[in-house]
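Start counting the sequence shown at 58; every next residue gets the next number (my numbering). Glycine residues also receive a C-beta, built at the ideal position from the N, C-alpha and C atoms.
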Amino acid sequence: MKKLFALAALTPAPALAAGDKPFFSLANTDFVVFLGFLVFLGILAYFKVPALIMGMLDKRAETIQSELDEAKALREEAQTILASYERKQKEVAEQSERIIANAKKEAQAAADQAKLDLKASIERRLAAAEDQIASAEAAAVKQVRDRAISAAIAAASNVVASKTSAADQNSLIDDAIAEVKAKLH
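See the structure below:
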C-alpha cells in the first residue's frame, strides 16, 4: 500500500501539462510543491508518524474491543439477572395464587362454620321459644284452672250459703279445717 501511494505521488501527470517550463526546475511551482510534499512525507517517515498513527489506531481498536467485551459481559449478566427476576416473579405469582386459593378455602370454611353456628343458634332460639310457649300455655292453663276453681268455689259457697243453715255451715267449716290440718301435718 505504501509503495502504491509513493508511486502515485511521484507521477506528476498534471504538472507536465504546464508545458512552457521544464518540470524539474525550481522555477516550476508544481515541482517545488512536489518537493515540499516529498520532504513532508520524509519528515513523517523519519518521526515514524504512520507507525504512531497505526499504534494509536490499534490501541483504539483494542479499547473498543475491550469495551465490546465488557458490554457483552454486562449484557450476559443483565440477561442472567432478568431471568432470575422472571423466575422470582413467577414464584411470587404462584405463591400469591396459593395464598388466594388458601384464603378462599378459609373463607368458605368460615362461611360454612358461620352457617352451622347460625343454624345452631336458630335451633336454640326456637327451642327457647317453644319452651316459653309451653310455659305460657301451662301458666294460662293454670290461670284458667285457678279462675275456674275460684268461680266454682264462689258458686259452691253461694249454693252452700243459700241451701245450708248457719249451724250446718259452721260444722262444714270445722270439718274443712280438720281436714286441712290432717293433710298439712
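{"Query": "CB of Asp87 within 9 angstroms of CB of Phe80, strictly", "Result": "yes"}
{"Query": "Three-state secondary structure (DSSP) of Ala213", "Result": "helix"}
{"Query": "Close beta carbons around Ser82, own chain, < 8 angstroms, minus the five adjacent residues each side", "Result": "Phe88"}
{"Query": "Three-state class that DSSP yields for Ala74 in the structure shown", "Result": "For Ala74, the pLDDT reaches just 48, beneath the cut-off of 50, and the residue's location in the model is therefore unreliable, leaving the point undetermined."}
{"Query": "Rounded C-alpha distance that separates Glu180 from Asp188", "Result": "12 angstroms"}
{"Query": "Cβ-based neighbour list, Leu173, same chain, cut-off 8 angstroms, excluding 5 preceding and 5 following", "Result": "none"}
{"Query": "In chain order, each alpha helix (DSSP H) run of at least 4 residues that lies wholly inside the region 79-111", "Result": "86-103"}
{"Query": "Bounding residues of the alpha helix (DSSP H) (the contiguous stretch that carries Ser228)", "Result": "Ala223 to Leu241"}
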